[in-house]
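Just so we're aligned: 205 in UniProt numbering is position 205 of the sequence shown, and the numbers increase by one with no gaps anywhere. Presented below is the structure to which this report refers.
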Amino acid sequence: MRTTRRLNSRLCYNEKTLNLTNREAAMKKDPYQSQRGCFKSQAVFPGAEKWAAATARCAQLYQRDEDIRTPFGRDYTRILHSSAYRRLKYKTQVFFRPRNDHVSTRIDHVHYVASIGRLIADFLGLNGELTEAIAIGHDLGHTPFGHDGEAALSAIVRRDGLAPAFWHAANGLRFVDDFELLSGPDGRQYNLDLTYAVRDGIVGHSGPVNAPLFPREAAIDLKQFTRPGQFNPFTWEGCIIKIADNISYLGRDIDDAVLLGLMKPEDRRVYAEVVDRYARAAGVSSIDVNNANVIHLMVTDLCLNSTPERGMGFSEPARTAIGEVTRLNRELIYFNDRLKAYKDYGHQVIETIYAALCRYAEEPGRRDYFREQFPSLTVGFEKWLIDYMEGFHDEKRADTVACHWVYTYQKGEAGAAEMKRAAVDYISGMTDRFIELLYREQVVFKSQRTPYVSL
Numbered sequence: 001m002r003t004t005r006r007l008n009s010r011l012c013y014n015e016k017t018l019n020l021t022n023r024e025a026a027m028k029k030d031p032y033q034s035q036r037g038c039f040k041s042q043a044v045f046p047g048a049e050k051w052a053a054a055t056a057r058c059a060q061l062y063q064r065d066e067d068i069r070t071p072f073g074r075d076y077t078r079i080l081h082s083s084a085y086r087r088l089k090y091k092t093q094v095f096f097r098p099r100n101d102h103v104s105t106r107i108d109h110v111h112y113v114a115s116i117g118r119l120i121a122d123f124l125g126l127n128g129e130l131t132e133a134i135a136i137g138h139d140l141g142h143t144p145f146g147h148d149g150e151a152a153l154s155a156i157v158r159r160d161g162l163a164p165a166f167w168h169a170a171n172g173l174r175f176v177d178d179f180e181l182l183s184g185p186d187g188r189q190y191n192l193d194l195t196y197a198v199r200d201g202i203v204g205h206s207g208p209v210n211a212p213l214f215p216r217e218a219a220i221d222l223k224q225f226t227r228p229g230q231f232n233p234f235t236w237e238g239c240i241i242k243i244a245d246n247i248s249y250l251g252r253d254i255d256d257a258v259l260l261g262l263m264k265p266e267d268r269r270v271y272a273e274v275v276d277r278y279a280r281a282a283g284v285s286s287i288d289v290n291n292a293n294v295i296h297l298m299v300t301d302l303c304l305n306s307t308p309e310r311g312m313g314f315s316e317p318a319r320t321a322i323g324e325v326t327r328l329n330r331e332l333i334y335f336n337d338r339l340k341a342y343k344d345y346g347h348q349v350i351e352t353i354y355a356a357l358c359r360y361a362e363e364p365g366r367r368d369y370f371r372e373q374f375p376s377l378t379v380g381f382e383k384w385l386i387d388y389m390e391g392f393h394d395e396k397r398a399d400t401v402a403c404h405w406v407y408t409y410q411k412g413e414a415g416a417a418e419m420k421r422a423a424v425d426y427i428s429g430m431t432d433r434f435i436e437l438l439y440r441e442q443v444v445f446k447s448q449r450t451p452y453v454s455l
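Below, the structure is given as structure tokens:
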């Protein structure tokens with residue numbers, strides 16, 4: 001009996017030793033094995049601690065008995081079918097209205113973020129469906145002319161004392177909460193009414209990532225966001241998109257600049273030196289500087305160095321490299337002298353259209369004149385006011401529109417401020433080419449214009 005027990009004990013010991021050896025061998029073969037699924041216990045799935053708060057909606061959304069989608073799956077498709085999402089294909093990413101069809105627009109960037117985010121979420125064991133829903137919605141609030149248009153509208157809001165503060169992530173929350181409409185089963189148009197986790201991921205995605213991220217604990221009122229990066233996202237999935245957003249454009253903007261001839265050979269060598277330093281520090285092979293390689297290096301580094309205990313972030317060499325590449329992108333691309341005329345043009349167009357909309361609001365007795373001379377500007381803005389401003393021709397609001405009011409029609413200074421805010425919101429949703437059409441209406445006689453479908 002003792003001999004049998006000793007033999008069994010040896011067999012168990014040998015089996016444990018063998019299993020340990022196999023695991024060590026597997027780790028050498030796949031250094032990421034211990035990292036796969038390491039966030040699974042933190043994922044926002046049914047039964048998770050944050051599930052109820054994450055799936056809560058501002059208003060009760062209709063529910064079909066036969067709907068097979070999850071709450072985040074519904075959010076994904078509601079964003080996908082929204083007008084704001086479709087308009088992204090005609091909005092600037094970095095380079096304005098490129099004639100080269102291979103240069104990125106805003107919708108391309110959104111897809112890159114969704115791809116990177118889903119890859120990271122699947123590897124770490126987080127909710128990929130939630131991650132993708134945040135990703136395709138994260139830039140819905142971007143303006144015409146990209147970040148330069150955002151800067152122009154932000155300056156207008158500050159100058160004219162309008163509230164709330166303007167930046168694209170907060171504007172994205174306003175659009176999904178207040179402006180975007182979809183038809184329900186009864187044929188009426190309703191607000192998107194997205195889940196808290198997706199709305200939070202949209203408003204919380206902007207701002208720098210200089211240290212490992214941890215999600216915040218509280219499901220705060222999202223209107224408490226008054227500046228970019230003020231609070232961390234509520235979920236790890238939201239943290240992924242905040243990071244994936246930064247990963248996605250680092251290399252892509254370089255490739256686009258090369259396509260447009262903005263990069264000189266010596267510029268590429270400077271980038272190569274940065275990547276070489278990172279490669280030596282990280283113990284990996286040096287690579288060519290292009291979008292695919294930058295994404296691969298950053299994603300694998302992130303997945304290797306992130307845990308629920310340490311937070312979601314990069315190794316020190318990777319953080320240094322990202323900082324240097326970002327600095328180079330700002331110097332050689334974003335603030336390149338070649339783009340100055342475009343930036344000035346974008347500011348001029350936005351200021352001109354804002355001034356025209358304010359004149360329309362301030363001179364109600366001349367609205368027939370505005371309709372005659374500036375039909376695209378006037379018809380589009382009037383529809384915006386009819387749909388969202390209570391007291392502005394409520395009788396013209398379609399019976400099928402069931403969204404809540406955003407503004408209130410008033411007289412005096414308060415009413416003027418409401419109209420100005422409506423003008424800012426209306427402009428912020430425009431595509432580059434639509435706002436250019438409105439600008440041409442201001443400078444080209446009516447007989448020379450072509451019709452356009454308004455926002």
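Glycine is no exception: its CB is placed at the ideal position from the N, C-alpha and C atoms.
Compute the Euclidean distance between the alpha carbons of Phe381 and Ala423, then round it to the nearest angstrom.
8 Å
Assuming Ile202 and Ile247 are in contact, meaning their beta carbons sit under 8 Å apart, how far apart are those beta carbons, in whole angstroms?
Rounded, the Cβ-Cβ distance is 18 Å, inconsistent with contact.
Integer-rounded CB distance, given that Phe314 should sit under 8 Å from Leu302
6 Å
Pick from Tyr407, Leu385 and Leu130: whose alpha carbon is nearest that of Ala398?
Leu385
Suppose contacts are defined by Cβ-Cβ distances below 8 Å. Is Trp236 in contact with Met312 by that definition?
yes
Counting contacts by CB-CB distance shorter than 8 Å, is Glu372 in contact with chain C?
Among the protein chains of the structure shown there is no chain C, as only one such chain exists.
Helix or strand or just coil, what does DSSP make of Ser183?
Secondary structure of Ser183 (DSSP, three-state): strand.
Rounded to whole angstroms, what is the Cα-Cα separation between Phe234 and Ala169?
So the two alpha carbons sit approximately 15 Å from each other.
Looking at the structure shown, is Met430 part of a helix, part of a strand, or coil, going by DSSP?
coil
Count the other CB atoms, across all protein chains shown, that sit within 10 Å of the CB of Ile353; report buried if there are 16 or more and exposed otherwise.
buried
Where do the ends of the alpha helix (DSSP H) carrying Asn246 lie?
That run of the alpha helix (DSSP H) goes Trp236 to Leu259.
Within the same chain, show all residues whose beta-carbon is closer than 7 Å to that of Gly117, passing over the 5 residues directly before and after it, in chain order.
Within the same chain, Gly117 has close Cβ partners Thr131, Glu132, Ala135, Ile240, Ile241 and Ala244.
I need the DSSP call for Ala26, collapsed to helix, strand or coil.
Low per-residue confidence applies at Ala26: pLDDT is 48, beneath 50, and the placement is therefore not dependable, though the value from the model is reported in the following sentence. Helix at Ala26.
Could you tell me the alpha carbon to alpha carbon distance between Gln348 and Leu153, rounded to whole angstroms?
11 Å
Just mark Arg269 as buried or exposed, buried being the case when its beta carbon has 16 or more other beta carbons within 10 Å.
exposed
Helix, strand or coil at Val331 according to DSSP, with G and I counted as helix:
What sits at residue 331 in the sequence shown is Glu, not Val. Correct three-state label for Glu331: helix.
Using 8 Å for Cβ pairs, my map puts Phe96 next to Val198. What's the rounded Cβ distance?
In this structure Phe96 is not in contact with Val198, their Cβ atoms being roughly 30 Å apart against a cut-off of 8 Å.
Going by Cα to Cα distance, which pick from Asp177, Gly137, Pro185 and Tyr85 is closest to Asp65?
Pro185
In the DSSP output, which residue or residues are listed as bridge partners for Glu390?
Paired residue(s): Thr408.
Would you mind stating whether Ala318 and Tyr278 have Cβ atoms separated by less than 8 Å?
yes
Rounded Cβ spacing between Asn191 and Asp200 (contact assumed at less than 8 Å)
Contact doesn't hold; Cβ gap of about 17 Å is too wide.
State yes or no: is the C-beta of Cys58 within less than 8 Å of the C-beta of Thr307?
no
With DSSP as the reference, please indicate the residues paired to Asn191 in a beta bridge.
Leu181
Cβ neighbour criterion (16 or more within 10 Å) applied to residue 462
The requested residue 462 does not occur in the structure, where the chain is confined to residues 1 to 455.
Using CA coordinates, which residue listed in Lys420, Val258, Glu49 and His102 is at the minimum distance from Tyr360?
Lys420
Pick helix, strand or coil for Val209, following the three-state DSSP scheme.
It is coil, neither helix nor strand.
Three-state class that DSSP yields for Arg216 in the structure shown:
It is coil, neither helix nor strand.
Using C-beta distances below 7 Å, list every residue in its chain close to Lys446, excluding the 5 sequence neighbours before and after it, in chain order.
Gln373
On a CA-only basis, which of Trp405, Gly149, Asp267 and Leu182 is nearest Asp344? Give me that one, please.
Asp344 has its Cα closest to that of Gly149, out of Trp405, Gly149, Asp267 and Leu182.
Leaving out five residues on either side along the sequence, give the residues of the same chain with a beta carbon under 7 Å from the beta carbon of Arg102.
In the sequence as displayed, the identity of residue 102 is His instead of Arg. Excluding residues within five positions, the ones whose Cβ falls inside 7 Å are Leu259.
Classification of Leu80 by the beta-carbon crowding that lies within 10 angstroms, buried from 16 upward
Per the 10 Å Cβ criterion, exposed.
Please report the straight-line C-alpha distance between Ser104 and Lys411, rounded to a whole angstrom.
44 Å
Is the beta carbon of Ala165 sitting closer than 8 Å to the one on Gly429?
no
Buried or exposed, going by whether 16 or more other CB atoms sit within 10 Å of the CB of Glu24?
Residue placement at Glu24 cannot be trusted, given a pLDDT of 49 that sits under 50; the coordinates are not used to answer.
Using C-beta distances below 7 Å, list every residue in its chain close to Arg106, excluding the 5 sequence neighbours before and after it, in chain order.
Leu88, Lys91, Thr92, Gln93, Asp139 and His142
Span of the alpha helix (DSSP H) holding Arg268?
Taken as a continuous stretch (DSSP letters only), the alpha helix (DSSP H) holding Arg268 covers Pro265 to Ala282.
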